[in-house]
Each structure stands twice: as C-alpha cells, then as structure tokens.
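Counting with my numbering, you get residues 25 to 240 for the letters of the sequence shown.
All C-beta atoms, glycine included, are put in the ideal place defined by N, C-alpha and C.
Input: a single structure, listed below in structure tokens.
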Amino acid sequence: MSPFDERRTVQEPLIRYAEEAGWEYLPPEEALRLRRGPESPVLHEVLIGQLQRLNPEIVDLGRAEDLVRRLVKVRPFIEGNLEAWEYLTGRKTVYVEEERRERNVRFLDPDHPERNVFHVTDEFTFASGTHTIRPDVVFLINGIPVLVVETKAATRLEGIAEALDQLRRYHREGPELMALAQLFAVTHLVRFYYGPTWNLSRKALFNWKDEESGDF
C-alpha cells in the first residue's frame, strides 16, 4: 500500500474521529506558522495566549514568553519528560516580583476542559540539529504536543512493529519533541495501541478499549 493510500485509509479517518471528539484540525502549514518554524515543538501563539488566559493575575506577555522558553528547553531525555509533566500538572512556578514570591503556573486547566484549546495536526515536520522527523499525527493541548501517533495500514503484517521502530528513531533524532509528549500511539485504525512516551517496549502497550481484565 502506498503512503498516499495509508494516509487516506488510516491517517485521515483518525483525524476525522478527533474532530468529532472536539479537536480542531490544523493543516501542517498552519501548524508550522504557529510554531514559528520546524525547530519549535509548540504552537507559540496558542501557548502564550493560554498562559495569559489561565493565569491572568501573574502572567503577562513577557512572563508567558519566558515560560515557553523554559518549557521547550527541558532536557531531551526521560528526565525532561518528567519535567514537562510537572509543567503540565501545575507544579512549576514563576517569581512574581510585585508579590515577592513564587506562584504556581497553570499550563492546562484539568478542572475546566472547555478553557483549554485542543488541536490535532499531521505531517508534523520537526528539525533537530542535522535530523528531521515527521510524525504522522500529533495532538496538542494549549499548543503543547501531548500525543505522537504513528499510523500504518491494516494490510501491513508488521505494521505495529514498524511504527514502534519509527518512534524509536524519533527519540534518537527528535528528542526535544518527544520530551514534551507524554504519550505515544500506534494504530492501523482496527486497533489503537498507546503507552508512555519513554517506554517503547511492545509489552508496555495498552490496547484502547480492550475489555480484557487488567488492560485499558
């Protein structure tokens, strides 16, 4: 099956399902514009706006831009993935000079989902040094990539294994992106497997909506 057919039979239906669930689709060129180029993993304008919206008393434009710089510079290893999780869960702080103290900052609002902005995009070109990767589908909340998805045609017998190999390459060649994403998924649409970003063992995969005891 050609890449075009794989896109038509797996990737595009996945994006349609996401849209039906409330995620807004961003064409690759629009996502690239909001990212300010392929070297950035985040949608800058979206994230800066959301930081100000969710933290109106303590985050102005300057602080929002500084927080974005801090986020995208987390270490490109599993330790950085933990640090990114701390940002996402409101455990990171900013010094508010007017109050002479540190205040926790919210990058997401888990209590009021409607206050967050949900995007899905595809062909996510990301450049890191001399390497360029292109994940099939990326889900972002408030401009932050949280889920990276590799799609394979259902007719490919080793499709899931090939997708996992692709994700391992992304860790090697685009670790700055993978440090932010908290989850990965591989799918041929018939099955949707997912797991934590830094454990790519096939044994660690969960099958979405599998009803077997002990699975998710």
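Can you tell me whether residue i is buried or exposed, with buried defined as 16 or more other CB within 10 angstroms of its CB?
i    : result
E174 : buried
H136 : exposed
T221 : buried
G61  : exposed
V144 : buried
N79  : buried
Look at residue i and residue j and say whether their C-beta atoms are less than 8 Å apart.
i    : j    : result
A177 : H212 : yes
L132 : N166 : yes
F148 : W47  : no
Y111 : L95  : yes
V98  : V66  : no
L224 : R192 : yes
T117 : E126 : yes
Measuring alpha carbon to alpha carbon, tell me which of the options ends up nearest residue i.
i    : options                 : result
I102 : Y217, V70, P52 and P199 : P199
A187 : L171, P159 and E69      : P159
N105 : P169, A228 and R215     : P169
L204 : N79, P52, V162 and T33  : V162
A55  : A45, E44 and H68        : H68
V210 : M202, T179 and V172     : V172
R115 : E122, N128 and Y49      : N128
P52  : F216, N231 and F150     : F150
G73  : E63, L58 and S64        : L58
Can you name the start and end residues of the alpha helix (DSSP H) that residue i belongs to?
i    : result
E197 : G183 to E197
H68  : H68 to L78
V210 : Unbroken run through V210 is the beta strand (DSSP E), L207 to T211; no alpha helix (DSSP H).
L38  : E36 to E44
L56  : P52 to R59
For the beta strand (DSSP E) holding residue i, just list the boundary residues, first then last.
i    : result
V173 : I168 to T175
A88  : First-last for A88: L85 to V96, but that is the alpha helix (DSSP H), not the beta strand (DSSP E).
I165 : V161 to I165
Going by DSSP, name the residue or residues bridged to residue i.
i    : result
G114 : Note: G114 sits in no beta bridge, so no partner.
R125 : V120
T156 : A151
D146 : V161
P220 : L207
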